[in-house]
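Student: I'd like to ask some things about the structure below.
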Ligand SMILES: [Zn+2]
Ligand SMILES: [Zn+2]
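Pasting the structure below:
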């Protein structure tokens, strides 16, 4: 009797036992193949997690699988091992992990696509085109001369060929042929001109191909980390292996993708959430077949079924978007990539100008090899930093006289200016002139933000919007708008610089499809004089004519309660400042602040990110926070005020025993920083341990108890291991 232990890609816990189909020898079945099964009368496709010869399920209750879908595993053994690790580490059902790891069409059982090449050739018969069909005759002549042509050749030699070809096909004068695509030839040997530091970094990583090594590549902004990745991907492909390059956001790294495509041609696949189901499935298939030499992708690309993965790169490894914090499976793609490299015995490169404290700590402990790129490519000088003390300064809609003067000078010299303000909308506060009451969201503990584009007040946390009231509901006084958002600065700039093209980039401005690309193109082409935006602007852009960066205000993060706020602020300032002076002209960064003597800000500006980060580490150690401790939070929410906290109180009480046994600290539940959100009251329970193993063991003991306690209560709850923000 052959038993197949099958996991359905859904939130169902555990696996289900089925009988292997009659006649299928156990030898032909292996974990990672998909199988079609009936579950409660419904047809599903699952993945075989194990092939066994016994089961606890009674013989008469065992159902046979309907059909084994694949002849070979679509979840290779090393990937299955990774998914099982992730399920244990993040305490998720394996089915939920598989759901994230497989694109929709793969979960439905579609056969992996074999990349096809399409050709057209003369059919040698059919109905001749009429004499006036000049184009049809010309295309037919071309095909007669050339034999067969593919799409690329047709596009090159006969622009506008598609409708003409359609007519020829209707007349049965040509045939369309499909055959398996030839694998792209391995790239030719490196044609890059790498500087000494880049070459040393490439050599250091390449020396360890085929083994698990972790590298931290610290390169100042504009130092050409992409060149290093490219050279390494090429070497991996020459070894017959594939490479995975994780990036924070595809839309913002279009330039990087273009460079990979230019260098490595057809072997580059892109994987992100903006693709159609079919496109995602195509990339998944190409990873599995080995046709994709390099996959550049966001977070979930870390789970693609590579045939022979030989290299993993995590670009901008500090970026918060690697942490999934919305769905139920809250993984960190950087950490999963490292585990994947360990299981698959391959090198992993974490790159950043501003490494996370976690990675820096690992490097200092000797766990990661450390490489530096200290020089900007093409000899560009590092930008000069200048602090503008805003105390007592007369501001025009947030802009100080020195910043405005510098902007005028740069614009007069036909250079570009970037202004960074991390708040979208027009004004973040609407106040009563008389009693001072501020308008808040009724569903969240948050202020409403006024947006000029639709004249409404929006909540950035739950998405509700409303018309601004004519008068204060408390005292009947008039209302006024206070504070600064990107829309307000944009309007002010339009008055100050009527001749200048101003481009605003924030999530409101680029909501329409391709709007971001259009706006970035205006910047790149040099049409735009001023670029204004939020942190969308900080990531990876290369604007050669940008010589001045103004950081309008970053003060709110200096005193934020989240323990990562100051680290993030440092990264943001350095990244946005790094947009200045990447071309021939020297760059300058002006930072406006009311706190010019803030100690951490001082270190950052005087001594750079490295010194800044080194100074934060002992503070984290003293406060018993990551990277010195491992954290997990259980968050709960309820529509009624006290329910969530009451539930977590019970969990806290239930945790005493396992906390002691596994050396884990469990703190009493506390309301979340924003307690009320979207009409729900939220509380959290924090767990902390010196090592991941203890924390994991404590959670394994505690979670079933928590699930029992939640039963019958009106609460929703979830676990977040290694939370992005907490405390
Ligand atoms: Zn009032
Ligand atoms: Zn709200």
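Numbering (our numbering), first residue to last: -12 to 714. Note that beta-carbon positions come from the ideal geometry of N, C-alpha and C, so glycine has one too.
Whole alpha helix (DSSP H) runs in the segment 546 to 580 with 4 or more residues, listed along the chain?
Tutor: Counting only runs of 4 or more, we get 552 to 564.
Student: Three-state secondary structure (DSSP) at residue 224?
Tutor: The answer is helix: DSSP assigns residue 224 an H, G or I state.
Student: Tell me the DSSP bridge mates of residue 540?
Tutor: Paired residues: 408.
Student: How do the segment 352 to 372 and the segment 449 to 467 stand: do at least 3 beta-carbon pairs fall below 8 angstroms, yes or no?
Tutor: Judged by Cβ distances under 8 angstroms, the segment 352 to 372 makes no contact with the segment 449 to 467, as fewer than three pairs qualify.
Student: Taking only runs of the alpha helix (DSSP H) that begin and end inside the segment 363 to 408, which ones reach a length of at least 4 residues, in chain order?
Tutor: Here the runs fully enclosed are 388 to 399.
Student: Among the candidates 291, 573, 682 and 193, whose CA atom is the shortest distance from the CA of residue 233?
Tutor: Minimum Cα distance to residue 233 is reached at 291.
Student: So what does DSSP say about residue 213, is it helix, strand or coil?
Tutor: Looking at residue 213 - three-state DSSP - the assignment turns out to be helix.
Student: Among 286, 257 and 287, whose alpha-carbon lies nearest the alpha-carbon of residue 279?
Tutor: Out of 286, 257 and 287, 257 has the C-alpha closest to the C-alpha of residue 279.
Student: Let me check you understand the geometry: is the CB of residue 425 closer than 7 angstroms to at least one non-hydrogen atom of ligand 1?
Tutor: Checking the Cβ of residue 425 against ligand 1 gives no.
Student: Check whether the Cβ of residue 749 lies closer than 7 angstroms to any heavy atom of ligand 1, and answer yes or no.
Tutor: In the structure displayed, the chain extends from -12 to 714; residue 749 sits before or after that span and is not available.
Student: Excluding the five sequence neighbours on either side, which residues of its own chain have a C-beta within less than 7 angstroms of the C-beta of residue 332, listed in chain order?
Tutor: Hits under 7 angstroms: 197, 198 and 199.
Student: So which of 262, 575 and 310 has the shortest CA-CA distance to residue 711?
Tutor: Closest by alpha carbon: 310.
Student: Could you tell me how far apart the beta carbons of residue 445 and residue 412 are, in whole angstroms, since I believe they sit closer than 8 angstroms?
Tutor: Rounded, the Cβ-Cβ distance is 7 angstroms, consistent with contact.
Student: Return helix, strand or coil for residue 423, following the three-state DSSP convention.
Tutor: Residue 423: coil per DSSP, three-state reduction.
Student: Do the segment 315 to 334 and the segment 285 to 304 touch if we need at least three Cβ pairs shorter than 8 angstroms?
Tutor: Result yes; three or more Cβ-Cβ pairs closer than 8 angstroms.
Student: Could you give the DSSP three-state label for residue 82: helix, strand or coil?
Tutor: Reduced to three states, the DSSP call for residue 82 is helix.
Student: Checking the sheet assignment: what are the DSSP bridge partners for residue 669?
Tutor: Residue 669 is bridged to 624.
Student: Could you tell me if the beta carbon of residue 22 falls within a distance shorter than 7 angstroms of some heavy atom in ligand 2?
Tutor: Every heavy atom of ligand 2 is 7 angstroms or more from the Cβ of residue 22, so no.
Student: Considering residue 504, what are the terminal residues of the alpha helix (DSSP H) in which it resides?
Tutor: Looking at the DSSP string, the run of the alpha helix (DSSP H) that includes residue 504 is 502 to 511.
Student: Measure the CB-CB distance between residue 154 and residue 110 and report whether it falls below 8 angstroms.
Tutor: No, these two residues do not count as a Cβ contact at 8 angstroms.
Student: Just the Cα atoms here: how many angstroms apart are residue 670 and residue 630?
Tutor: Taking the straight line from one Cα to the other gives about 9 angstroms.
Student: Would you check whether ligand 2 has a heavy atom nearer than 7 angstroms to the C-beta of residue 438?
Tutor: Flag unset: Cβ of residue 438 not near ligand 2.
Student: If contact is defined by three or more beta carbon pairs under 8 angstroms, each pair taking one atom from either stretch, is the segment 546 to 553 in contact with the segment 520 to 528?
Tutor: No: the two stretches stay apart, fewer than three of their Cβ pairs being nearer than 8 angstroms.
Student: With a threshold of 8 angstroms between beta carbons, is residue -6 in contact with chain B?
Tutor: This model lacks chain B altogether; it includes just one protein chain.
Student: Could you give the DSSP three-state label for residue 309: helix, strand or coil?
Tutor: Of the three classes helix, strand and coil, the one that applies to residue 309 here is helix, per DSSP.
Student: Expressed to the nearest angstrom, what Euclidean distance is found between the alpha-carbon atoms of residue 380 and residue 543?
Tutor: Residue 380 and residue 543: Cα-Cα distance of roughly 18 angstroms.
Student: Report the start-end ranges of each alpha helix (DSSP H) in the segment 312 to 348 that is 4 residues or longer and not cut off at the edges.
Tutor: You should have 320 to 331.
Student: What whole-angstrom Cβ distance do residue 277 and residue 222 have, given they're in contact under 8 angstroms?
Tutor: Not a contact, Cβ separation roughly 17 angstroms.
Student: Are there any heavy atoms of ligand 2 lying less than 7 angstroms away from the beta-carbon of residue 626, as far as the coordinates show?
Tutor: No - ligand 2 has no heavy atom lying nearer than 7 angstroms to the Cβ of residue 626.
Student: Just to confirm, is the Cβ distance from residue 219 to residue 337 under 8 angstroms?
Tutor: Their beta carbons are not under 8 angstroms apart, which means residue 219 does not touch residue 337 by this criterion.
Student: Return yes when the C-beta of residue 270 is under 7 angstroms from any heavy atom of ligand 1, and no when it is not.
Tutor: It does not: the Cβ of residue 270 is nowhere closer than 7 angstroms to a heavy atom of ligand 1.
Student: In terms of alpha-carbon separation, which member of 77, 264 and 137 lies closest to residue 105?
Tutor: The candidate whose alpha carbon is nearest that of residue 105 is 137.
Student: For residue 565, which residues of its own chain have a beta-carbon under 7 angstroms away from its beta-carbon, when the five flanking residues on both sides are left out?
Tutor: Excluding sequence neighbours, residue 565 sits near 208, 209 and 340.
Student: Between the segment 56 to 76 and the segment 20 to 38, can you find at least three pairs of beta-carbon atoms closer than 8 angstroms?
Tutor: Segments in contact, yes.
Student: What separation, rounded to the nearest whole angstrom, lies between the Cα atoms of residue 383 and residue 86?
Tutor: Going from the Cα of residue 383 to the Cα of residue 86 covers about 51 angstroms.
Student: Taking DSSP as the reference, what is the three-state secondary structure of residue 597?
Tutor: Helix.
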